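Heads up, our numbering is the position in the sequence shown plus 1284, with the first residue counted as 1.
All C-beta atoms, glycine included, are put in the ideal place defined by N, C-alpha and C.
Since the model is a prediction, treat every value here as computed from it, not as a measurement.
Remarks on the structure that follows.
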Amino acid sequence: MPSTISRPSSILILGGTRFVGRTLVEAALADDHQVTLFHRGQTNPGLFGAAETVLGDRTRDLSALAGRRFDLVVDVAGYDPPVVRRALDALRGRVGRYVYVSSLSVLADQSTPQNEDGDLLELDDDTAPEKLYGARKAACERLVRDAFGARALIVRPGMIVGPHDPTDRFAYWPRRFARGGRILLPGDPADLAQFIDVRDLAGWILRSATSGVGGVFNVTGRPLAFGAFFDACQAHAGAPATTVWASSERLIAAGVNPWMGIPLWIAAPGCEAINEVDVSRATAAGLTIRPLAQTLADTLAWDTARGGPAQGHEGLGEQEERRLLRELVD
Ligand SMILES: NC(=O)c1ccc[n+]([C@@H]2O[C@H](COP(=O)([O-])OP(=O)(O)OC[C@H]3O[C@@H](n4cnc5c(N)ncnc54)[C@H](OP(=O)(O)O)[C@@H]3O)[C@@H](O)[C@H]2O)c1
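Shown next as structure tokens:
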């Protein structure tokens, strides 16, 4: 198969109906590509009338794709090496280029700033449970690179935010500021956050893959100080609010989980530089990041339209925030 691909391209998305895949499908359709989705039909079935849908469970059987040829495959939702290998085996020889959506969680060391050359986690019997996700993704990356070589594009996103995010990590903040009142802010104004709007991620993947970019890329936004982030939330909300900072030490002492017990805040040991990842390679390859105000506005609009998160799934419940304010500040 040729290593550069025709436009419009035939694109197979493994997944495609929840968050990252869904946004990729939207971008690919808007760009007039011919899009095929492969999924089980459980998550948002029938979402895209303009795309072909092939139904199947990739953990067991991809025979519905037998004989099909695609310019490009994007494996958005591959988590397990045997499952990723099964797709590679099923499509081998009939695909031009292959994109694997990995994660920055593959990095073995997140205590110091990393670029794409940092060591990766190893998957073996001794892999700690909290490292399994990253170690499995790292093993999947190796399979895709072994199978497709220079025709593979490995994308390592950091935290992905924006409309349709199934977690309540980012949406919590614009929603919380829109409510106003006394707002508990975690850590220190100089602490860093790092994230990417799903639409910037999807746009970059599509542009890069269809123009023949291969290799490994960290794909996330630039580090942003918590202080600046919360100022932007406040400016967007415009509701009367008093912000109150509580240090990481005090939050941990009060029993808050240092791994995002408060949305975006990460104070877990070993994660000191998790939000200082070098993205210069992706930037040089055309990654652009939309203004934060737009991500905040669109995320809040989406969150409001869905009626907020399900009960019990709020990033930080109102009661818990009140308890922390009482115990740590009053
Ligand atoms: N969120 C973050 O901050 C973050 C950060 C770094 C990396 N990532 C990576 O980004 C990706 C996010 O994925 P997403 O959920 O947003 O992707 P998505 O493609 O929008 O949604 C997941 C898709 O997988 C399909 N699927 C699930 N199980 C399947 C099966 N057994 N067989 C066939 N299809 C199946 C689902 O449909 P059905 O249920 O209908 O099958 C759905 O279409 C992941 O690879 C994750 O590791 C995320």
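With a threshold of 7 Å, establish whether the CB of residue i neighbours any heavy atom of ligand 1.
i, result
"P1447", "no"
"P1441", "yes"
"K1415", "no"
"T1301", "yes"
"H1323", "yes"
"V1304", "yes"
"R1426", "no"
"Y1363", "yes"
"G1601", "no"
"I1444", "yes"
"Q1326", "yes"
"T1579", "no"
Apply the 10 Å Cβ neighbour rule to residue i and answer buried if 16 or more other Cβ atoms are within range, or exposed otherwise.
i, result
"V1309", "buried"
"L1608", "buried"
"Q1326", "exposed"
"V1238", "Summary: the structure shown does not reach residue 1238, with the chain confined to residues 1285 through 1614, and so no result is reported for it."
By Cβ distance below 7 Å, which residues in the same chain neighbour residue i in space, the five residues on each side in sequence not counted?
i, result
"W1543", "I1550, A1552"
"D1315", "L1490"
"P1286", "With a pLDDT of 45 at P1286, under the threshold of 50, the modelled position of that residue is not reliable, and no figure is offered here."
"R1369", "L1427"
"G1487", "A1311"
"V1497", "L1437, A1569"
"E1400", "V1500, F1501, N1502, R1565"
DSSP on residue i, reduced to helix/strand/coil?
i, result
"W1546", "Just to set this straight, residue 1546 is Ile in the shown sequence, not Trp. Coil."
"V1367", "helix"
"L1576", "helix"
"R1420", "helix"
"H1627", "Absent from the model: residue 1627. The displayed extent of the chain is 1285 to 1614, so no value can be given."
"A1412", "coil"
"F1513", "helix"
"A1525", "strand"
Quick one: what's got a C-beta closer than 8 Å to residue i's C-beta in the same chain, skipping five residues either side?
i, result
"G1464", "A1521, A1523, P1524, A1525"
"D1341", "R1324"
"D1449", "F1303, A1455, V1482, T1583"
For residue i, decide whether its Cβ has a neighbour in chain B, counting only Cβ atoms nearer than 8 Å.
i, result
"V1383", "The question asks about chain B, but that chain is absent: this structure has only one protein chain."
Could you name the residues of the same chain whose beta carbon sits closer than 6 Å to that of residue i, not counting the 5 residues immediately before and after it, in chain order?
i, result
"W1586", "P1447"
Practice prompt. State whether the segment 1289 to 1309 contacts the segment 1349 to 1358, with contact taken as three or more CB pairs (one from each stretch) at a distance under 8 Å.
Written response: yes
Worksheet item: Is the segment 1469 to 1479 touching the segment 1489 to 1506 in the sense that three or more CB pairs, one from each, lie closer than 8 Å?
Response: yes
Practice prompt. Kindly confirm or deny that the segment 1576 to 1589 and the segment 1439 to 1459 touch, where touching means at least three C-beta pairs closer than 8 Å.
Written response: yes
Discussion item. Using 8 Å as the cut-off, can you tell me whether the segment 1393 to 1407 makes contact with the segment 1324 to 1332, which would need three or more C-beta pairs spanning the two stretches below that distance?
Written reply: no
Item to complete: Could you say if the segment 1433 to 1440 and the segment 1593 to 1603 meet the contact criterion of at least three C-beta pairs nearer than 8 Å?
Response: no
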